[in-house]
Each structure stands twice: as structure tokens, then as C-alpha cells.
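What follows is a set of notes on a single structure, which appears directly below.
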Amino acid sequence: MEWTGGCLCGSIRYRASEAPHWASYCHCGMCRKISGAPFTGYVQFPEGSFVWTQGKPSQYPSSSGVTRRFCGDCGSSLTFEADGVLFLTLGSLDFPEQVAFDCHTYTSSRLPGIELADGLPHFSGPVGGKGGRPID
Ligand SMILES: [Zn+2]
Ligand SMILES: [Zn+2]
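So for the sequence shown, the working numbering puts the first residue at 25; every next one is plus one.
This is the structure in C-alpha cells:
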């Protein structure tokens, strides 16, 4: 199975050699702003398995210790990075339907009318990225 992705205009591309070991949906207001979507999927690949293969993303420090990367040409949101752990946006993957999700986070900020029917665990706040251990 191939794990590749990139931005809408094609100037930024990436590849991962292993399957993701963590994926979660975030319903927080900051992810909503940066993605323009009601909630956002994030995918974490095992350390060392991920490389940028084309282009250099722009970056924005959205809060203390957090960097978000995006394409400076087309604006596609590409990563959320905290404490050195990198998550890719689900929508930037070429085959997002291959990803098995673990949970929903920040559901306290979920928009009214969004019904979650996938049976995954919900957390009102964040969860840890490495291995997905719940923080609250
Ligand atoms: Zn682009
Ligand atoms: Zn979020």
C-alpha cells in the first residue's frame, strides 16, 4: 500500500513508507479556522517513515509549541505538529479512505448538527499523539 499525499496545486508532495499508527478527528475551533472545514482528520505515521518529496511548505506557529504547515502557493493545510510529533491532514492524502481512525477529539467544540455515527470514542479535549493515550 502506498502512502502519499500533497497539496491541491501539486507543488508540495510527501510520502510515508509505513501505514499510519494513529488517526483522529479534531473538532476544535483552531482546526476549523485553518482548514475551513467543520472538523479535520489528522494522521500520524511512525517516526522516521515520513519524508517531504517535493517543495517546501510554509509554516505558521498557531500556539505555543504548535506549528502548522501549509502550501504557500495554494493554501492547502498539510500538518499539525506539537512537541516534535507530526500529524498530516487527512484531506492531503492521495487515498484518505485507506486510513482507519481511532477517535474524535475536542468534541466539546463540535458544531451543532454534526452527528457522529462511526462508533469511535469521543474525547471532550485532546489526546496524546504518541500511541493515542487520552490526556483527559
Ligand atoms: Zn499547493
Ligand atoms: Zn484541533
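Cβ atoms here follow ideal geometry from the backbone N, Cα and C, with glycine treated the same way.
request  = State buried or exposed for threonine 77, treating a residue as buried only when at least 16 other CB atoms are found within 10 Å of its CB.
outcome  = So threonine 77 ends up on the exposed side.
task = Enumerate in chain order the residues of its own chain whose CB-to-CB distance from leucine 135 is below 6 Å, with the five nearest sequence positions on each side excluded.
result = Pro62.
key: isoleucine 58 beta carbon near ligand 1 (any heavy atom closer than 7 Å)   = Outside the cutoff, so no.
key: Distance between glycine 65 and glycine 149 (C-alpha atoms, nearest Å)   = Roughly 15 Å between the two C-alpha positions.
ask   = alanine 106 bridges to which residues according to DSSP?
value = In the DSSP output, where bridge partners are listed per residue, alanine 106 has Val90 and Val109.
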